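Quick note: to get the working numbering, add 64 to the position in the sequence shown (first position is 1).
C-beta: ideal position from N, C-alpha, C; glycine also.
Model, not experiment: these values are computed from the prediction.
Here is the structure we will look at, set down as structure tokens.
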Amino acid sequence: MKKKIFGKSARPYLMLLPTFAIIGIFMLYPILNTFFLSTQNHVLTNMKDAGFVGLDNFKTLLQDETFIKAAGNSLWWTVVNVGLQAFFGLLVALLLNMKFKGRGLFRALMFTPWAVGGILVALIWSFMFNESVGVVGDLLMKFGILDHRMSWFSDGTLSMWALTIANTWRGIPFFAISILSSLQTISVEVYESADVDGANAWTKFWKITLPLIKDTLLLTILLRTIWTLNVVDIIYGMTKGGPNFSTLTIPVYIMMVFNDTLDAGYASAMAVLMILALLIFSAIYLKVGKYGEEEYY
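This is how it looks when you write it as structure tokens:
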């Protein structure tokens, strides 16, 4: 007689144990350890003074002007990046869902940026925005938008936009892939019925397409929000948070603080605040967006 757990065979649960073990080791333990370290004085070069300090690291954070600036930059960076990626990703998905000659080749080329590593993206776009030989400045001059080359990375605003363009270029394919897969599940008969009723293109998009891809769009935005906030490679590779911390985000600041001071407690406190902010945002976002709830128009 097979051993039963909760009235069912134990085999499925045993098969899941390796997965749970991997999740526990590589995800759950680091998170719990980060929360623990955030309450500690844990400087690796001065372990003799290590010990529990309660919320002191968090109090120091609230007085850290660089952290406050990084938090503001992180908010701008995340909102603008995800907004642009969602808009252009949806547009690309709608175009790729149409039937035209060479659609397969165009799809393959369109999804290429997503396969490029972050550091390589930073190198490519750093060269393209180069003041002396960058193709971006050259194109802007040829179209008459600029009359001289610009030093993109010496100005805070221009630097942030250069980073945003690079990260948006890389992120659009993920939105396009996710939304396109959802678009292809919509029956053609639904649109044919709308045509019979005299619906125009905008009405079909707003009343049929958008409601049917809503859950995919919401989930994709949430995932890209989390990933975009955690981008380090592109930012550090292109600007290292400069000039004058104008492109510094919280993840980049965490890395810089730990590399410079080896203060694991202070760096962990920043990470904890970011984790809590993402958890609160995710809960509110999914609730307000009515994720998983059917809507009919």
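Let me make sure I understand the geometry here. Which of I132, L96 and S73 has the alpha-carbon closest to that of P391?
Here the chain comprises residues numbered 65 to 361, so residue 391 is not present and cannot be evaluated.
Taking 8 Å as the cut-off, does the segment 145–152 touch the segment 280–292 (at least 3 CB pairs, one atom from each stretch)?
These segments touch.
Could you give the C-beta distance for P331 and I318, rounded to a whole number, given that I count them as a contact under 8 Å?
The question names Pro, yet the displayed sequence has Ala at residue 331. The pair is a contact, with the Cβ atoms about 5 Å apart (cut-off 8 Å).
Supposed contact pair G201 and L31 - C-beta distance, whole angstroms, cut 8 Å
As displayed, the chain neither begins before 65 nor continues past 361, which places residue 31 out of reach and without an answer.
Integer Cβ distance of A265 from S102, believed to fall under 8 Å
Their Cβ separation, rounded to whole angstroms, is 52 Å, which puts A265 and S102 out of contact at 8 Å.
Of all the alpha helix (DSSP H) runs that stay within the bounds of the segment 126–170, which reach a length of 4 or more residues?
Counting whole runs of 4 or more residues, the segment 126–170 contains the alpha helix (DSSP H) stretches 129–160.
Same chain, Cβ closer than 6 Å to K67, five either side skipped, listed in chain order
Only weak support is given to the placement of K67: the predicted model assigns it a pLDDT of 49, under 50, and the value that follows is read from those uncertain coordinates. So the qualifying residues of the chain are A74.
So, for L203: in the same chain, excluding its five sequence neighbours on each side, which residues have a beta-carbon less than 7 Å away from its beta-carbon?
There are no such residues.
Decide yes or no for the touch test of the segment 295–305 against the segment 161–179: beta carbon pairs closer than 8 Å, at least 3 of them.
They do not touch, by the three-pair rule.
DSSP state of G262, grouped into three classes?
The DSSP-derived three-state label of G262 is coil.
Report yes or no: do three or more beta-carbon pairs, one from the segment 234–241 and one from the segment 151–159, lie closer than 8 Å?
By the Cβ criterion, the segment 234–241 is in contact with the segment 151–159, since at least three pairs of Cβ atoms, one from each stretch, lie closer than 8 Å.
Please report how far the alpha carbon of S196 lies from the alpha carbon of F122, in whole angstroms.
For the pair S196 and F122, the Cα-to-Cα distance works out to about 44 Å.
Would M224 and S310 be called neighbours here (beta carbons separated by less than 8 Å)?
Between M224 and S310, the C-beta gap is smaller than 8 Å, which places the two residues in contact.
Would you mind sorting W233 into buried or exposed? The rule is 16 or more other CB atoms within 10 Å of its CB.
Burial call: buried.
Spatial neighbours of G353 within its chain, please: C-beta separation below 7 Å, excluding the five flanking residues on both sides.
Spatial neighbours of G353 in its own chain (CB-CB distance under 7 Å, excluding positions within 5 residues in sequence) are listed in chain order as L282.
Taking the C-alpha atoms as reference points, what is the distance between T273 and N323?
Answer to the nearest angstrom: the Cα atoms are 48 Å apart.
Are there 16 or more other CB atoms within 10 angstroms of the CB of G208, so buried, or fewer, so exposed?
Per the 10 Å Cβ criterion, exposed.
Since L222 and M214 should fall inside the 8 Å C-beta cutoff, what is the C-beta to C-beta distance between them, to a whole number of angstroms?
Yes, they are in contact, since the Cβ atoms of L222 and M214 sit about 7 Å apart, within 8 Å.
Checking 8 Å against the spacing of the C-beta atoms, do T313 and N161 come in under that value?
Note that the C-beta distance between T313 and N161 is not below 8 Å.
What residues are listed by DSSP as bridge partners for D327?
As computed with DSSP, D327 is found in a beta bridge with V107.
Examine the ligand MG and report whether any of its heavy atoms sits within less than 7 Å of the Cβ of I89.
For the structure depicted, the ligand MG is absent and the ligand set is empty, with no information on it obtainable.
Taking the C-alpha atoms as reference points, what is the distance between A341 and I299?
Distance between the alpha carbons of A341 and I299: 21 Å.
S257 to L247 span [Cα, whole Å]
Approximately 17 Å between the Cα atoms of the pair.
Is it right to say Q104 is buried, meaning 16 or more other beta carbons lie within 10 angstroms of its own, or is it exposed?
Buried.
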